[in-house]
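Asker: Below is the structure I would like to discuss, written out as structure tokens.
Residue numbers (our numbering): 10 to 203.
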């Protein structure tokens, strides 16, 4: 089944061989795991003894296609195949794939930036003048790095003027100018102190 999902169909190469025959595969409805992986299969309270173990060791065979979110596993203790909905995986050679939220966000951002930088010519929503198009243009501005424009650097403005202005001359010896009127009028009357 997993090989047919990876292999393209001979009739329509855009579809997988599995999808061509059986239709879309829903991973939420029938989850997959590596075949032969060691598992602990949960035994329900009605099926086990009062003080018996809650699980039995087995090996994963595949998904139960006719049941919702169930697994088929081989139990060596009974030498039989069992369909169960509660199972715990213990992979030894294969690490179970996990993705962090930041990894998913980074991948979605990279995909969005790639689509906005080089949109497919047949995407009609990018050519329309709608609110969505305006939002996509804003996202395009955010995700595209600013282009660096090389301009000729102008000479910096000098801090000191090049032409020196002569300092004003002050006559140090002539402090007694009779031309100026005093700021306060001189009176001979003495003010009484209170």
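Cβ coordinates follow ideal geometry from the N, Cα and C atoms, glycine included.
Candidates 57, 95, 88: which alpha carbon is nearest residue 77's?
Answerer: It is 95 whose Cα lies nearest to the Cα of residue 77.
Asker: Between residue 64 and chain C, is any beta-carbon pair separated by less than 9 Å?
Answerer: You won't find chain C in this structure, because it holds only one protein chain.
Asker: To the nearest angstrom, how far is the alpha carbon of residue 42 from that of residue 69?
Answerer: Their Cα atoms are separated by approximately 8 Å.
Asker: Tell me where the alpha helix (DSSP H) around residue 97 begins and ends.
Answerer: First-last for residue 97: 96 to 99, but that is the beta strand (DSSP E), not the alpha helix (DSSP H).
Asker: Return the first residue and the last residue of the alpha helix (DSSP H) that residue 16 is part of.
Answerer: No alpha helix (DSSP H) contains residue 16, which DSSP labels as neither H nor E.
Asker: By the 10 Å Cβ neighbour count, where 16 or more other Cβ atoms means buried, how is residue 72 classified, buried or exposed?
Answerer: So residue 72 ends up on the buried side.
Asker: Reducing DSSP to helix, strand and coil, say where residue 88 ends up.
Answerer: Coil, per DSSP.
Asker: Assign residue 62 to one of two classes, buried (16 or more other C-beta atoms within 10 Å of its C-beta) or exposed (fewer than that).
Answerer: The residue in question, residue 62, is exposed, as its Cβ has fewer than 16 Cβ neighbours within 10 Å.
Asker: Let me know if residue 30 comes out buried or exposed under the rule of 16 or more other beta-carbons within 10 Å of its beta-carbon.
Answerer: The residue is exposed, with fewer than 16 neighbouring Cβ atoms inside 10 Å.
Asker: Give the range of the beta strand (DSSP E) segment to which residue 77 is assigned.
Answerer: Taken as a continuous stretch (DSSP letters only), residue 77 belongs to no beta strand (DSSP E), as it is neither H nor E.
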